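Taking the numbering used here, the leading residue of the sequence shown gets 1094, the next gets one more, and so forth.
Just so it is clear, CB atoms sit at the ideal spot from N, CA and C, and this is done for glycine as well.
Every value quoted in this text rests on a predicted model; they were computed, and no experiment measured them.
Quick notes on the structure that follows.
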Amino acid sequence: MSIWVTGGAGFIGSNLVLALQEEYPSAAITVLDDIRSGFFPNLEGYRGDFVAADISRLDWQGQFKGKRPDAMFHLASITDTTLLDQKVQTYDNVEGFRRLLEYLRPAKTPIVYASSAATYGIRAGVNRIGDPLAPANAYAFSKVQLENLAREIRREEPSWQIAGLRYFNVYGPREGHKGVPASMAWHLAGQMLLGKRPRIFKHGEQKR
1094 MSIWVTGGAG FIGSNLVLAL QEEYPSAAIT VLDDIRSGFF PNLEGYRGDF VAADISRLDW
1154 QGQFKGKRPD AMFHLASITD TTLLDQKVQT YDNVEGFRRL LEYLRPAKTP IVYASSAATY
1214 GIRAGVNRIG DPLAPANAYA FSKVQLENLA REIRREEPSW QIAGLRYFNV YGPREGHKGV
1274 PASMAWHLAG QMLLGKRPRI FKHGEQKR
């Protein structure tokens, strides 16, 4: 079995890659990452192939000679929601996914891709599938476009298995390299480990 993971050196990607390696020891795993949002120490213990490439500009045919995986996990993304260069973020996130879909289309390789709860925008209450989307920044906008691309290609190829996951407040090991954009849980834990009082906004009425 062949499994490819884009963004495999990032926080979620590296945890996925190492879990897949443990669960499927005979699988041929390939990570694609240009380490802009990732961190190579996250892959300590990884034994598979690594392709150092920006997937929004990668020549997929030239790199893989028509070879396609049995399963694809697409997690590559510029994830910093504070990035001011909207062109870079939207181009890389949207066109990277478009090129990936175009390459995998002949084989209809099953794909799981990362979307985000940021697509819902900033609103009170519990978000539900079917709620209107209201992206508040370029990152969220790019994720809406990924969903639109996936939806359109599923209309054209109804037998193609494509699933998008809208991640909410994800936290866990291997996220420290993200710095300021790391999760609230990571920051609060770090403050408490240093003997400090965890810093929260206003009076702490927020619940998650």
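Scanning its chain for C-beta atoms nearer than 6 Å, with the 5 sequence neighbours on each side dropped, one finds around Phe-1261 the residues Ala-1210, in chain order. Counting along the chain, the unbroken beta strand (DSSP E) around Tyr-1206 starts and ends at 1204-1209.
Taking the Cα positions, Ala-1164 is about 25 Å away from Tyr-1232. Around the C-beta of Arg-1267, 16 or more other C-beta atoms lie within 10 Å, and the residue is accordingly described as buried.
For the pair of segments examined, the stretch 1168-1177 was found not to touch the stretch 1212-1225: the number of CB pairs separated by less than 8 Å stays below three. Annotation for Glu-1250: Arg-1198, Lys-1201 place their beta carbon closer than 8 Å to its own, counting only its chain and skipping 5 residues before and after.
When DSSP states are grouped into helix, strand and coil, Phe-1261 belongs to the coil group.
Judged by beta-carbon spacing, Gly-1141 lies within the 8 Å limit of Ala-1121, meaning their Cβ atoms are closer than that value. Looking only at Met-1277, Ser-1235, Ala-1282, the smallest Cα-Cα distance to Arg-1259 is reached by Ser-1235. Exposed is the label assigned to Asp-1224, since fewer than 16 other Cβ atoms lie within 10 Å of its Cβ.
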